[in-house]
Structure formats: structure tokens, C-alpha cells
Amino acid sequence: MNHLTEEQLILAADDELVDRSHLDACAPCQERLQELLSTFDRFAVQRQTCLDPALPPIDAARERLQNEIQSMAKQDRRRALVGKAGVAAAVALLVAGSALLTSTAWRAFDHRRAMPKASLTPGDASLLSANELCVAQLENDPEPIPASLKRAVFEEYGVSRSKGYALDYLITPKLGGRTTLKNLWPEPASATWNARVKDQLEDRLHAMVCRGEIDVATAQREMATDWVAAYRKYFHARRPVD
Amino acid sequence: LKATPTAIFSRRSGAPSLHLSLVEDLEARLKPSPEVEVTQLFEQLRNPLLRYSLSLGLAVHDAEEVVQEAFLALFRHVSDDKSRANLPAWMFRVVHNLGLKKRIRNLTHLKRHGEEKQELTREHPDPTPTAEEQLVVRQQQQRFWEILQTLPDQDRFCIHLRAEGLRYREIAEVLGISLGGVALSLQRSFARLRESEVRSV
């Protein structure tokens, strides 16, 4: 009689074994399964015994979280109220928008090519190795940008936080870009060279770094210097491809 | 709260259902606010998530930071009315990603500043009263961590997540690997644990 392999036992321990007929009829395999479960249980208990004394009390953490959540919720409500404002607010925004168009900050902002101002956003990145960037598979990292930093970026550019702009990294975190004032800028959503196009380039450079076709420093430099030129270079296209 | 396909259909066909709209209204009223939802999950998941962050090799204050950030991301997630499917597994995934990122950043910082590599997660206070007992517990802890250190990262992540009660399919989702990959990792971890148990006997 062929007994269950270790892998089949492991699967059985989580009800993932497709065919349980042998296990149900075989006492030695059932015993092995029990032994396996006991080993895992002992591990869980020992692990908890080691780690639990290190856990700080929950009360302070709960209070801190509730405070931050309340402040985020307040901001959301404020935003929703602004969204419901009537024609008067829309007119006011229009006026404010025209004022911005004539402001110095805006004029220095290359709207057509969606490039950040080099003096305000030179780029900021960590010197990570390709292995660190790729092995960890951090593509979907949901790390939030602090609200205060977002505000600072928009203020720096003299741009209102309307729907026409998306806050974007100059050097993406996928390539080691950091969440700092030097690496964030308001990207006009309506530009031909917009955030979606930039994402394509970021994905391509990240993949190239992981395949060893380009080093991390070069990819960071390409993003920081002129991402539109980099796009043309790596996509062999003069205009964004679909 | 999203309307069910039936509710949408009855509205489009020009015969709005009073009953459905009342049910929807009631459901919307009974639905907990994002604040309440997050607070409830915090009570349930804070310690397991914190333990997992420590298992990734983070110091206590970094682990707390990561867990805090993850709960803020959860608040944003539920406020935007995104999927509630298996939020605990989703939280472990967020903590896993943030934790690894933090670990990489810490290591880079240490490398850049030429400091000696420090043990990041061994600062567990010991509640045992006598010095002798403390020594025994410390030795046990050290042996425990040494066994774990011999495992590859993925195997270690798998066994820690299993110890927190995650199902294999959830572990696979958290780590972005296949179910077979989880089974293989756990198989190696099990062999290592059993070997160390036999040796200590």
C-alpha cells in the first residue's frame, strides 16, 4: 500500500487533499497527520510565547489610530461638502483657476509635456540593488502619502487640488523612489504625456531592472532627467502607445 | 452599499420596487461606518499583525508603525467602498508588503551608514521573575529563532502566517505564490521543526 507523501499530508492538514480515501482508511497516515498538526501547534504556541511579551499595550495604539482616522474622516467630509457646492463655488474655482494660470509657478510648469520643475522636483531615490527591488515584489505596495506632504506639493507648485491633477512620483517607488517633497509633483491629467503613460514606462523599466537589462541607478536617472525622452527611447515611439 | 442586480433591473424596467428600496435604505442605515468597521478589525487583528511584522525581522517600533499604516490603508479602502472580501487576508498582505519595504529601508540605511548590522527583532522583554528562569527562557527563544533563521524567507513567511491561523489559500494570496508553493514551503519548515525537536530530545 502506498502511503501519503509528506506533501499530501501537508495538504490534508488544511483540507486541501483532493482524494482523502486513503487517509480515511489508513491509521498510520492518520497518525502522521496528527504528528504534523501537533508539531505546527507546538510551533504556534512557542512563537506566541516568544513574541507576545514584546507587544506594546493595545490602548495607546487604538487611541492613536482613532485620532488619525477621525482626522481623515473629517477631511473626507470637508471634501464631500466642497464637491456639493453650487454654481457660486464653481465660478469661484474658475476665477481661482485663471489666476493660477497667470501665476509664476504655473508658467514655469511645462504643461504640454507634463514635466515637473527640476528645481522643485529633482527626484529622490534610495540606492537599492536590483535584487532588493525585485525579490520583494513590492509592485502593489499601498503605502499612503501623508496628507501634509500632499498639501505641501500642491502649495509648492501653486496648483489647486482640483480633479485636473494627480499627485505622482517622479521616480516611482518600484524603482526605489522615495516619498519626499523632492520626488512628488502634481501631474496634469489632461496632458498627452500623463500618469497612465508614465506608469507604462515605470513598469517597463522595473521589468528591465529585474531582468538585469539596465541597472537601478540608470533607470532612476532616466526617470528623473526626462521621462518623456526615456519613454520614447524604451518604447521606440514618438507618441504614447496604447 | 452596492445595489443588487435585481434592484438595478427593476429600476431600469420602469417599475421601481418600494420593497427593495426600503431594504436598501435599511441596509445602508445598519451598515457600520468605516470608522467602526476599522476599529472592530483593529481589536481582532492588531496583535496577530504585530506578531507577523515582528516575525519579518522588524524592531517593535517599526512593526507598530507598519501595522498603523496598514490600518489607515484599510480605512481608506473601506471608505472608498472597495471589496470587503476576506479583509483579514488583505491586511496581512498589506503588512507583509509594508514590512518588507521597511526592512529593506532599514538594511539600506545600516549599509549606507557603515553601521554594524543589528539584530532587529530580538528585543523581547522577559516577564519571568528569576534570573535563572530568564536565562532558560532566553536560551529557548534564541534556539527557536536560530531554527527559523535556517529557513529561506518564503518558508519562514509561510509558517508564521500559518501560525496566525491563515489558510493555505490565504497564505498563497498574501505572498503571491501558488498553493503548491505554500505546501512545499510548509513541508520544508515541518521537516526542519521536526528535526530540531528530535535533536533537542
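Respectively, the protein sequence lines represent chains D and G. For the first sequence, the residue numbers in our numbering are 1213 to 1454. For the second sequence, the residue numbers in our numbering are 4 to 204. In this text, a Cβ means the ideal position worked out from N, Cα and C, and glycines have one as well.
Neighbours of Q1278(D) in chain G, taken as residues whose beta carbon is under 8 Å from its own, are E38, T42 in chain order. Per the C-alpha coordinates, the member of D1288(D), A1273(D), K1286(D), Q1287(D) positioned closest to E72(G) is A1273(D). For Q1258(D), a Cβ of chain G is located within less than 8 Å of the residue's own Cβ. Three or more beta-carbon pairs separated by less than 8 Å are not found between the region 56-70 of chain G and the region 1330-1343 of chain D, which leaves the two stretches without contact.
Looking only at A1436(D), A1419(D), C1422(D), G1424(D), the smallest Cα-Cα distance to D1380(D) is reached by A1436(D). Residues of chain G with a Cβ closer than 8 Å to the Cβ of E1425(D) do not exist, since the nearest Cβ in that chain sits about 22 Å away. DSSP lists A1378(D) as the beta-bridge partner residues of E1399(D). Chain G places no beta carbon closer than 8 Å to that of D1411(D), leaving this residue out of the contacts. For P1356(D), the C-beta contacts it makes with chain G under 8 Å involve E72, L75, A76, R79, in order along the chain. For S1233(D), the uninterrupted alpha helix (DSSP H) run begins and ends at 1233-1237, by DSSP. For E67(G), at least one C-beta of chain D is nearer than 8 Å to its own C-beta. Contact between the region 175-186 of chain G and the region 138-154 of chain G is absent, with fewer than three C-beta pairs closer than 8 Å. R49(G) belongs to the set of residues whose beta carbon lies under 8 Å from a beta carbon in chain D.
Rounded to the nearest angstrom, the gap between the Cα atoms of R1363(D) and K105(G) is 24 Å. For the 8 Å CB-CB criterion, V1409(D) and P1452(D) form a contact.
DSSP places G60(G) in the coil class of the three-state scheme, outside both helix and strand. Under a 10 Å Cβ-count criterion, K1445(D) is classified as exposed, with fewer than 16 other Cβ atoms of the shown protein chains found around its own Cβ. Nearest in C-alpha terms to S1402(D), of all of P1385(D), V1421(D), D1271(D), A1378(D), is A1378(D). Measuring C-alpha to C-alpha distances from G1424(D) to each of E1368(D), N1343(D), L1216(D), E1219(D) identifies N1343(D) as the nearest.
In the three-state reduction of the DSSP assignment, G1388(D) falls in the coil class. Going by beta carbons, V1421(D) and L1393(D) fall outside the 8 Å limit.
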